[in-house]
Structure formats: C-alpha cells, structure tokens
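**Q** Numbering of the sequence shown is given in the numbering used here, commencing with residue -3 and proceeding in unit increments. Every residue, glycine too, gets a C-beta built ideally from N, C-alpha and C. First, the structure itself, so that you have it in front of you.
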Amino acid sequence: MDIKRFIAVPDEKPLDHIVEDGGFTKVFRSIACIGDSLSSGEFESNCSNGGTGYHDFFEYSWGQYIAREAGINVLNFSRGGMTAKEYDESFAAMNGFWSEDKLCQAYIMALGVNDLFGKNQEVGTVEDINIDNRFANKPTFAGYYAKIIQSMKTMQPKAMFFLMTMPRTEDEEKNKKKGEHAELLYRMADFFDHTYVIDLYQYAPVYDAEFRRNFYLGGHMNPAGYILTAKMVMSYIDYIVRHNPEDFAQVGFIGKPYYNAKVKW
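Below is the structure:
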C-alpha cells in the first residue's frame, strides 16, 4: 500500500490528484451547497421563437454528483440568479435553510457571479464585517456574504466552510474582478475559523472556447461540465483534508456536545 496517496505530498497542487470516489470529502456526512445557477444544475433551452429558457435540474448539480459519488448527503441551498444579498435577506428564510433540521457539517459557498457581474455590486473587504453584530455589516458583497457565514456559525459553530472562487476565462476585464473576489475569499478564510478556499480561479483550467465546447450548453454547463465540477470540488476538499489532517480529526463531533481536548478543535 502506498500511504503517500492518502497524506500530504510536498509541492502538490490542489488539483494534481483527481479522486474518483469522493476521497476524504467523505469525512463529512452532510454538506450544503449555497450558490446560484451553476450550483443548481441549470440548463438552457431554446424555443422555436428564439427565446431562451433556464431550468434548475438539481439532480444534475455538481452537489448531487458529489452526493452520489461520495455516498453522503448533500443539500442544494441554491437557485438560478442567486446573490448573497437575496440569500441573506429572503431566500434562505423562505426555504427553511436556517432550520435546525437542515444544519450540516460543512457548507460550500459558490456565490459572486450574479452579485458582481449581474448587479455590479461593490466587492468590499473584510473591514465591512462587524464581528459582534452581523446585522451591522456594510451593504457590499463582502458584508452580505460574511453575514451568511456568521448566521450559520450562530447555529453550527464548528461547521466547516469552503469558499469557492470563480474560474478564469479569456475575458481579462472580468478576470480582474474575479481576482478581487478570490482575494476577498482568502481574507475571509483568515478571518473566520474552520474556513478554507476552493480556488478554481488559480487552479482550475481556463474556461476558454475549447472548454466550453466540451462542457457548456449555452451560458451554463452541460451534464459533463457539472460532473467535472464535482470532481474538482471533491478533489480540492480531499487535498485540503490531507494537508490539514488535525483540522478535520473531529468533524464527527460537529453538531454534537463532544470534543477531544487533546486534538486541535
């Protein structure tokens, strides 16, 4: 047995090792995906009159591919067009996502596309976060995004958060804003405990014309694209667990009144 397959490897990059069975993502028994259309398995259709339809097929979402491949429970806290502001102000409450029976051990957050490019919202900084009163956060993307994390932490303090950056394309103007988004998420990961970055901006392939030909259906992904995204997310979490084993030793106690004082927690 080659134990090196299951521990941190020097100079390894996050997506060097693609897992096929979920890898150490399976340390979690429950994960929620907070996101927009790209987290919802959204497909585009075209009508005979030229109109375009948008359809959330959650069974095709990368979250549900993770659920089936890793054998864990994954909840979709997402919808096409979602922003951090809408999620925080109405969507989560309307759908019962703050309910105790929907608490999870981990949350993957994939928001920012509609906020920054659809609503042209200010990115903001971690200075927009009021650590003592989340309701006083500034009305920037950073403020609304952080408030979601803060709200979940009041209910599930030890939950793990994975913050997903946006992959690059050939559009350098958009890439610049995506880079600001990625920088913010790294600062968020330093600001909050039990929080990590899934950095597709730096480590995923560039989503260029050849990528879109294989993995896109219009402006959203096709089934193969959502499968590929699931593989990248699982492999990245596997990488994070292998490189921070002490951080994940007690995930089985998340939501439970137990802990092991001899291990980091």
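#1: The beta strand (DSSP E) spanning V202 covers which residue range?
#2: Please work out which residues of its chain come closer than 6 Å, Cβ to Cβ, to I14, disregarding the five sequence neighbours upstream and downstream, and give them in chain order.
#3: Are the beta-carbon atoms of H216 and F39 separated by less than 8 Å?
#4: How many Å lie between E96 and M151 at the Cα?
#5: Report the three-state DSSP secondary structure of G221 (helix, strand or coil).
#6: When we look at the beta-carbon of F244 and count the other beta-carbons within 10 Å, is it buried (16 or more) or exposed?
#7: If you pair each beta-carbon of the stretch 62 to 69 with each one of the stretch 3 to 20, do three or more pairs fall below 8 Å?
#8: Alpha carbon to alpha carbon, how far is Y50 from F188?
#9: Within the same chain, show all residues whose beta-carbon is closer than 6 Å to that of Y182, passing over the 5 residues directly before and after it, in chain order.
#10: Can you tell me which of the three DSSP states H216 falls into?
#11: Give me, in chain order, the residues of the same chain whose beta-carbon lies closer than 8 Å to that of F87; leave out the 5 immediate sequence neighbours on both sides.
#12: Could you please give me the residues that DSSP links to D97 through a beta bridge?
#13: Less than 8 Å separating the beta-carbons of Y61 and I233?
#14: Put H177 into one of helix, strand or coil per three-state DSSP.
#15: Just the C-alpha distance for L180 and V229, rounded to the nearest angstrom, thanks.
#16: Report the rounded CA-to-CA distance for G139 versus D186, giving the unit in angstroms.
#17: Rounded to the nearest angstrom, what separates R25 and S44 at their Cα positions?
#18: For a test of the three-state rule: what should DSSP assign to G77, helix, strand or coil?
#19: Thinking just about the alpha-carbon of each residue, which of W58, F207, I236 is nearest to the one in A106?
#20: Relative to the C-alpha of K143, which residue among D128, M156, R1 is closest?
#21: Which of the three DSSP states is assigned to S26 in this structure?
#22: Please look up how many angstroms separate the CB atoms of P10 and Y199, rounded, as I've assumed it's under 8 Å.
**A** On the basis of the data shown:
#1: By 1-based counting over the sequence shown, the position of residue 202 is 206. Boundaries for V202: no beta strand (DSSP E) harbours it, and the DSSP string shows neither H nor E there.
#2: For this step, residue 14 is matched to residue 18 along the sequence shown. Within the same chain, I14 has close Cβ partners K227, S231.
#3: Residue 216 sits at position 220 when you count from the first residue of the sequence shown. Residue 39 sits at position 43 when you count from the first residue of the sequence shown. Yes; because the gap between Cβ atoms is below 8 Å, this pair is in contact.
#4: Residue numbering aside, residue 96 sits at position 100 when the sequence shown is read from its first letter. Residue numbering aside, residue 151 sits at position 155 when the sequence shown is read from its first letter. Between the C-alpha atoms of E96 and M151 there is a straight-line separation of about 8 Å.
#5: Here residue 221 refers to the residue found at position 225 when the sequence shown is read from its first residue. Here G221 sits in helix by DSSP.
#6: The residue given as residue 244 occupies position 248 in the sequence shown. In summary, F244 is buried, with 16 or more beta-carbon neighbours lying within 10 Å of its beta-carbon over all protein chains present.
#7: The stretch 62 to 69 is in contact with the stretch 3 to 20.
#8: By one-based count along the sequence shown, residue 50 stands at place 54. By one-based count along the sequence shown, residue 188 stands at place 192. Going from the Cα of Y50 to the Cα of F188 covers about 35 Å.
#9: Residue mapping note: residue 182 aligns to position 186 of the sequence shown, counting from 1. Closer than 6 Å at Cβ, skipping near neighbours: V193.
#10: In the sequence shown, residue 216 corresponds to position 220, counting from 1. Reduced to three states, the DSSP call for H216 is strand.
#11: In the sequence shown, the residue the question calls residue 87 occupies position 91. R75, M78, F93, listed in sequence order.
#12: Numbered from its first residue, the sequence shown carries residue 97 at position 101. Its beta-bridge partners do not exist; DSSP assigns none.
#13: Numbered from 1 along the sequence shown, position 65 holds the residue referred to as residue 61. Numbered from 1 along the sequence shown, position 237 holds the residue referred to as residue 233. The answer is no: Cβ separation not under 8 Å.
#14: Here residue 177 is taken as the residue at index 181 of the sequence shown, counted from 1. Under the three-state reduction of DSSP output, H177 falls in the helix class.
#15: Here residue 180 refers to the residue found at position 184 when the sequence shown is read from its first residue. Here residue 229 refers to the residue found at position 233 when the sequence shown is read from its first residue. The straight-line gap from Cα to Cα measures roughly 19 Å.
#16: One-based indexing of the sequence shown puts residue 139 at position 143. One-based indexing of the sequence shown puts residue 186 at position 190. It is roughly 15 Å from the alpha-carbon of G139 to the alpha-carbon of D186.
#17: Your numbering for residue 25 matches position 29 in the sequence shown. Your numbering for residue 44 matches position 48 in the sequence shown. One C-alpha to the other measures close to 44 Å.
#18: For the purposes of this step, residue 77 is taken as the residue at position 81 of the sequence shown. The answer is coil: DSSP assigns G77 none of H, G, I, E or B.
#19: Against the sequence shown, residue 106 aligns to sequence position 110. The residue with the shortest Cα to Cα distance from A106 is W58.
#20: Here residue 143 is taken as the residue at index 147 of the sequence shown, counted from 1. Among D128, M156, R1, the Cα nearest to that of K143 belongs to D128.
#21: Numbered from 1 along the sequence shown, position 30 holds the residue referred to as residue 26. Strand at S26.
#22: Working through the sequence shown from its first residue, we reach residue 10 at position 14. Working through the sequence shown from its first residue, we reach residue 199 at position 203. Indeed they touch by this definition, with Cβ atoms about 5 Å apart.
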